[in-house]
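Q:
There are 2 protein chains.
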Amino acid sequence: MLQQALDIPTYDDVVAAHARIAPHVRRTPVLVSEALNRLTGAELFFKCENFQEPGAFKVRGACNAVFSLSDEAARRGVATHSSGNHALSLAYAAQRRGIPCTVVMPRTAPQAKKDAVLGYGGRIVECAPSTSSREATFAEVQAETGAEFVHPYNDPRVIAGQGTCSRELVEQVEGLDAVIAPIGGGGMISGCCLTLSTIAPGVKIYAAEPEQADDAARSLKAGRIIADDAPETIADGLKVPLKERTWHFVSRYVTDILTCSEQEIVDAMKLSWKRLRIVMEPSCAPPLATILKNPDVFRGRRVGVIITGGNVDLDRLPWIKT
Amino acid sequence: MLQQALDIPTYDDVVAAHARIAPHVRRTPVLVSEALNRLTGAELFFKCENFQEPGAFKVRGACNAVFSLSDEAARRGVATHSSGNHALSLAYAAQRRGIPCTVVMPRTAPQAKKDAVLGYGGRIVECAPSTSSREATFAEVQAETGAEFVHPYNDPRVIAGQGTCSRELVEQVEGLDAVIAPIGGGGMISGCCLTLSTIAPGVKIYAAEPEQADDAARSLKAGRIIADDAPETIADGLKVPLKERTWHFVSRYVTDILTCSEQEIVDAMKLSWKRLRIVMEPSCAPPLATILKNPDVFRGRRVGVIITGGNVDLDRLPWIKT
Chain A
8 MLQQALDIPT YDDVVAAHAR IAPHVRRTPV LVSEALNRLT GAELFFKCEN
58 FQEPGAFKVR GACNAVFSLS DEAARRGVAT HSSGNHALSL AYAAQRRGIP
108 CTVVMPRTAP QAKKDAVLGY GGRIVECAPS TSSREATFAE VQAETGAEFV
158 HPYNDPRVIA GQGTCSRELV EQVEGLDAVI APIGGGGMIS GCCLTLSTIA
208 PGVKIYAAEP EQADDAARSL KAGRIIADDA PETIADGLKV PLKERTWHFV
258 SRYVTDILTC SEQEIVDAMK LSWKRLRIVM EPSCAPPLAT ILKNPDVFRG
308 RRVGVIITGG NVDLDRLPWI KT
Chain B
8 MLQQALDIPT YDDVVAAHAR IAPHVRRTPV LVSEALNRLT GAELFFKCEN
58 FQEPGAFKVR GACNAVFSLS DEAARRGVAT HSSGNHALSL AYAAQRRGIP
108 CTVVMPRTAP QAKKDAVLGY GGRIVECAPS TSSREATFAE VQAETGAEFV
158 HPYNDPRVIA GQGTCSRELV EQVEGLDAVI APIGGGGMIS GCCLTLSTIA
208 PGVKIYAAEP EQADDAARSL KAGRIIADDA PETIADGLKV PLKERTWHFV
258 SRYVTDILTC SEQEIVDAMK LSWKRLRIVM EPSCAPPLAT ILKNPDVFRG
308 RRVGVIITGG NVDLDRLPWI KT
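Residue numbers (the working numbering), protein chains in the order written: chain A, 8 to 329; chain B, 8 to 329.
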């Protein structure tokens, strides 16, 4: 497959993205914990993307996509299908540019996610919870509005935007040996691959995912994209499959994809809340869970850990029986 | 009363403390939230002391006290009575210096607090949950060990240490109009008074406390320390009364002490978790609760808000019925 045909972003695109999104996105802090370092035998540096205004790294890619539109394209607005952090991040970015944003969401999506999109001025068009309904509904939205489609991860502008996160991380922490992030569709990991392979090629890149949604790990082993039909995991941000642009990066630059059980996800999530005193989603927990599970891989190393998001239903925590 | 007799710290002591504790204490980040700014009409800057390793600003004063001891005094160790963040912060500081730390704690203190002290190598001596038992037990500990008593707040070394927090805050945020922090015994507020009255005298200082433990507000009004017997509030760090050294600062430099209800505390706590994505204690919530309650006081102002601690029992959150 030709790289050109796929429109693969370059590190120059990351640098341009960083300048473009700087007024809209936070340079998030890096937290450390002596307790977690002792527990893992590694030196961990947690890059807290949960502190972005819409609560997730997704705002980087969304802002890059929205603010790189021509004025004419921008007037028609943006659209996406997502029931997660990409939806509210895109609505947030569109609101900051003052353009319309339409999100196609399954009727069954949690009300809290719908409220967040509406809170940022987004419009929600509901569909049935099936791929065919989503695609048909989305086609209608596009035909009606002419809005620019911004895919949650299989989009060069989005990948370049996510690449700004690891660029900050290597500026904030000297001498990193490795970076680890959760992998769902692979947008964040692809951004890490793009940036680190260019400016810090000695830094190893690990991805972490739930055993119950281990399609990326199986893909890496098989040498081709394996898309699960409908995986079930508490880490709901990590259910989606790789696509060709993220596979481009994952297949070339990721050292390994490690997996963990549902219980290990919940335990690592609670441990992070306790020791880092941050609110983070279940989808952020696989990196710490897999570091704890594979101490030999990380012992003695300086490891950047991307905390991807912090939008949690505070009324229902997985370790509290209500 | 002569200032000399009270051994009131000066800003030079804060500067010396800052250099002394720098290797042991974090320069914590300042977080912002557009959502909370919109809600309050103010510009809020949250100084996150919950990200200190032992989870509270108390580590500043504790480290200053421990690391300013002579080698001879240090060998005899330190001791305190506390069932809260001061106890584990002092144990943490002592562990870093490699000296003994004894904490007198009521038998009824939560196991989690005991475990935290033990986890930092501290020794716990239990007493009955009464002032007389605590004092008798503490006298025995001191007679036996010769340990240096480090009071949770009525100690010049502790107040000077806490003063380093607002020193960082004014370096991190330009043009602050006000700073607000919770008030219990007044250690953090006294540190703010000491520092801000010297280096940023235009910054107004507010304190916030629960209506159900409003002894500081009543003291300020009365012009003398009023100590409540045994106030009941979810903000358990704010139950203790002012003492003469903290009264010295509070009575001279605090513009106002604002109060809020128990429900307002829980609501502000949950709102902070949701919007800032941080884990913070009920005792941290009165500042945001009172800002929400008194919009006219803070509207249009740049306000530093000290988040004092993040040691929470994650199995029992006040907004979740279990």
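Positions of the beta carbon are idealized from the N, C-alpha and C atoms, including for glycine.
How long is the line joining the alpha carbons of residue 328 of chain A and residue 323 of chain B, rounded to whole angstroms?
A: Taking the straight line joining both Cα atoms gives about 10 Å.
Q: Which stretch, first to last residue, makes up the alpha helix (DSSP H) that contains residue 58 of chain B?
A: Unbroken run through residue 58 of chain B: none, as it is neither H nor E.
Q: Specify whether the stretch 61-78 of chain A and the stretch 22-40 of chain A touch according to this definition: at least 3 beta carbon pairs, one from each stretch, less than 8 Å apart.
A: Touching, yes, given that three or more Cβ pairs across the two stretches are closer than 8 Å.
Q: Going along chain A, which residues have a C-beta under 8 Å from residue 322 of chain B?
A: Near residue 322 of chain B (Cβ distances below 8 Å), the residues of chain A are 326, 327.
Q: Distance, Cα to Cα, residue 220 of chain A vs residue 246 of chain A?
A: Whole-angstrom Cα-Cα distance: 6 Å.
Q: Please classify residue 312 of chain B: does DSSP put it in a helix, a strand, or coil?
A: Reduced to three states, the DSSP call for residue 312 of chain B is strand.
Q: Beta-carbon of residue 189 of chain A versus every beta-carbon of chain B: anything under 8 Å?
A: No, residue 189 of chain A lies away from the interface with chain B (no Cβ there is under 8 Å from its Cβ).
Q: Any Cβ of chain B within less than 8 Å of the Cβ of residue 301 of chain A?
A: Judged by the 8 Å Cβ criterion, residue 301 of chain A is not in contact with chain B.
Q: Tell me, please, which residues DSSP counts as bridged to residue 109 of chain A.
A: According to DSSP, which records beta bridges pairwise, residue 109 of chain A is partnered with A:86, A:130.
Q: Anything in chain A within Cβ reach of residue 281 of chain B, meaning under 7 Å, just list it in chain order.
A: Going along chain A in sequence order, the residues near residue 281 of chain B (Cβ under 7 Å) are 321.
Q: Mind the definition here: the stretch 276-295 of chain A touches the stretch 228-242 of chain A only if three or more C-beta pairs lie below 8 Å; say whether that holds.
A: Yes, they touch.
Q: Give me the residue from B:132, B:92, B:196, B:209 with the minimum Cα distance to residue 353 of chain B.
A: A query on residue 353 of chain B cannot be resolved here, the shown segment of chain B reaching from 8 to 329 and no further.
Q: Have a look at B:79, B:156, B:105, B:171 and flag the residue whose alpha-carbon is nearest the alpha-carbon of residue 17 of chain B.
A: Answer by Cα proximity: B:171.
Q: Which residue from B:207, B:285, B:262, B:193 puts its Cα closest to that of residue 234 of chain B?
A: The candidate whose alpha carbon is nearest that of residue 234 of chain B is B:193.
Q: Kindly list, in the order they appear in chain A, the residues whose Cβ is closer than 7 Å to that of residue 38 of chain B.
A: Here the neighbours are 58.
Q: Does the CB of residue 284 of chain A have a neighbour CB from chain B at under 8 Å?
A: True, the Cβ-Cβ gap to chain B drops below 8 Å.
Q: Determine the burial state of residue 8 of chain A: buried for a count of at least 16 other Cβ atoms within 10 Å of its Cβ, exposed for fewer.
A: Note that residue 8 of chain A scores a pLDDT of 44, beneath 50, so its modelled location is shaky; the value from the coordinates is reported in the next line. Label assigned to residue 8 of chain A: exposed.
Q: Under DSSP, the alpha helix (DSSP H) around residue 142 of chain A begins and ends at which residues?
A: First-last of the alpha helix (DSSP H) with residue 142 of chain A: 138-152.
Q: Would you mind sorting residue 320 of chain B into buried or exposed? The rule is 16 or more other CB atoms within 10 Å of its CB.
A: Exposed.
Q: Given this structure, state the Cα-to-Cα distance separating residue 102 of chain B from residue 316 of chain A, to the nearest angstrom.
A: Taking the straight line joining both Cα atoms gives about 34 Å.
Q: Looking at C-alpha atoms only, which residue of B:251, B:95, B:205 is the closest neighbour of residue 226 of chain B?
A: Here the closest residue by C-alpha is B:251.
Q: Take residue 98 of chain A and list the residues in its own chain whose beta-carbon comes closer than 6 Å to its own, dropping the five residues that flank it on each side.
A: Same-chain partners within the cutoff: 108, 124, 127, 129.
Q: Which term fits residue 10 of chain B, buried or exposed, when burial requires 16 or more other beta carbons within 10 angstroms of its beta carbon?
A: Bear in mind that the predicted position of residue 10 of chain B carries a pLDDT of just 48, short of 50, making it unreliable; the figure below should be weighed with that in mind. Under this definition residue 10 of chain B is an exposed residue.
Q: Under the DSSP definition of a beta bridge, which residues are partnered with residue 186 of chain B?
A: The partner list for residue 186 of chain B (beta bridge, DSSP) reads B:212, B:311.
Q: Helix, strand or coil for residue 47 of chain B, going by three-state DSSP, please let me know.
A: Helix, per DSSP.
Q: What would DSSP say about residue 239 of chain A, mapped onto helix, strand or coil?
A: Residue 239 of chain A falls in the coil class under three-state DSSP.
Q: So, do the stretch 144-163 of chain A and the stretch 50-62 of chain A have three or more beta carbon pairs nearer to each other than 8 Å?
A: Cβ pair count under 8 Å is below three, so no.
Q: Are any of the Cβ atoms in chain A nearer than 8 Å to that of residue 228 of chain B?
A: Chain A contact via Cβ: absent.
Q: For residue 37 of chain B, which three-state DSSP category applies?
A: Residue 37 of chain B: strand per DSSP, three-state reduction.
Q: Is it the case that the stretch 253-270 of chain A contacts the stretch 211-218 of chain A, given that we only count it when at least three CB pairs across the two stretches are under 8 Å?
A: Yes: the two stretches touch, three or more of their Cβ pairs being nearer than 8 Å.
Q: Would residue 299 of chain B and residue 38 of chain B be called neighbours here (beta carbons separated by less than 8 Å)?
A: No, Cβ-Cβ distance for residue 299 of chain B and residue 38 of chain B is not below 8 Å.
Q: Less than 8 Å between C-beta atoms, sequence neighbours within five positions excluded: which residues of the same chain meet that for residue 183 of chain B?
A: So the list reads 52, 176, 177, 207, 210, 309, 310, 311, once near-sequence residues are dropped.
Q: Using beta carbons (cut-off 8 Å, strictly below), is residue 91 of chain B in contact with chain A?
A: So, not an interface residue.
Q: State the start and end residues of the unbroken alpha helix (DSSP H) segment that holds residue 200 of chain B.
A: Note, residue 200 of chain B: alpha helix (DSSP H), 194-206.
Q: Identify whether residue 181 of chain A lies in helix, strand or coil by the three-state DSSP scheme.
A: Reduced to three states, the DSSP call for residue 181 of chain A is coil.
Q: Given residue 131 of chain B, which residues of its chain have a CB within under 7 Å of its CB, disregarding the five upstream and five downstream residues?
A: Excluding residues within five positions, the ones whose Cβ falls inside 7 Å are 110, 112, 121, 124, 125.
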